[in-house]
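Undergrad: Per the numbering used here, the sequence shown starts with residue 3, numbered consecutively.
Don't be surprised by glycine CBs; every beta carbon is placed ideally from N, CA and C.
First, the structure itself, so that you have it in front of you.
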Amino acid sequence: MKIIHESAKISSLADIEDSVRGSRVVIGERTMIDSFVKIKFAGGLGDVVIGEDSYINSGVVVYSGNGVSIGSRVLIAANCTLAAANHEYKDPERCIVDQGFMESRGGIVIEDDVWIGAGCVILDGAKIGKGAVIGAMSLVRGEIEPYGIYAGNPIQRIGFRK
């Protein structure tokens, strides 16, 4: 089910799939979804919720998995991947594709007023605190403190906004 506020702007070149399992995509007021953004329901039953006044730039891919919550006034730069699911791989007697998905690590939560730089990968279990800045090409798989400035792979704290 898609719930898109009438004031949201979605590029005709964006691809927002419908869930076959009943999960929702909710897009808030005045949020902009640019060309070549892909929102795909895969790996779980989670919803994708994007708050108001957020901007999702070209080439961003969001896999719903265990749920993705993006706050208000969030900026996500080009070519980022948000993957709220992980493939299971522990049984060497079975192909990975046949093992399904791992248990949830809590989905992805991005609080308000966050800037995520180009090319970042945000994984299941990530929580990015309010006002944080994530440097380009960073990998986030845990908790990021509010107003922190982070860069690197894996994430390294390099300061605070306040």
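(1) Evaluate contact between the stretch 94-101 and the stretch 50-70, counting only Cβ atoms and requiring at least three cross-stretch pairs below 8 Å.
(2) Can you give the Cα-Cα distance for P156 and M34, rounded to whole angstroms?
(3) Per DSSP, what kind of secondary structure is D100 in: helix, strand or coil?
(4) Quick one: complete alpha helix (DSSP H) runs, 4+ long, within the stretch 35-88?
(5) Decide if V39 is buried, meaning its Cβ has at least 16 other Cβ atoms within 10 Å, or exposed.
(6) Going by DSSP in three states, P156 sits in which element: helix, strand or coil?
(7) Restricting to Cα atoms, I'd like to know which of K11, G67 and S13 is closest to R23.
(8) Are V62 and N88 close, meaning C-beta to C-beta below 8 Å?
(9) Tell me whether I98 is buried or exposed, calling it buried when 16 or more other Cβ atoms sit within 10 Å of its Cβ.
TA: Once the coordinates are examined:
(1) The answer is no - the stretch 50-70 does not touch the stretch 94-101, with fewer than three Cβ pairs under 8 Å.
(2) What you label residue 156 is simply residue 154 of the sequence shown in a count that begins at 1. What you label residue 34 is simply residue 32 of the sequence shown in a count that begins at 1. Since pLDDT at P156 reaches only 49, below the 50 mark, its modelled position is unreliable, and the value read off the structure follows with that caveat. Their Cα atoms are separated by approximately 29 Å.
(3) The residue given as residue 100 occupies position 98 in the sequence shown. D100 falls in the helix class under three-state DSSP.
(4) Scanning the stretch 35-88 from its first residue to its last, no whole alpha helix (DSSP H) run of 4-plus residues comes out.
(5) The residue given as residue 39 occupies position 37 in the sequence shown. A buried status is given to V39, since no fewer than 16 other beta-carbon atoms sit within 10 Å of its beta-carbon.
(6) Working through the sequence shown from its first residue, we reach residue 156 at position 154. Here the model assigns P156 a pLDDT of 49, short of 50, so the residue's position is not dependable and the matter cannot be decided.
(7) Working through the sequence shown from its first residue, we reach residue 23 at position 21. Of the candidates K11, G67 and S13, the residue whose Cα lies closest to the Cα of R23 is G67.
(8) Stepping through the sequence shown from its first residue, residue 62 is reached at position 60. Stepping through the sequence shown from its first residue, residue 88 is reached at position 86. No, the Cβ-Cβ distance between V62 and N88 is not below 8 Å.
(9) Stepping through the sequence shown from its first residue, residue 98 is reached at position 96. Around the Cβ of I98, a 10 Å sphere holds fewer than 16 other Cβ atoms; the residue is exposed.
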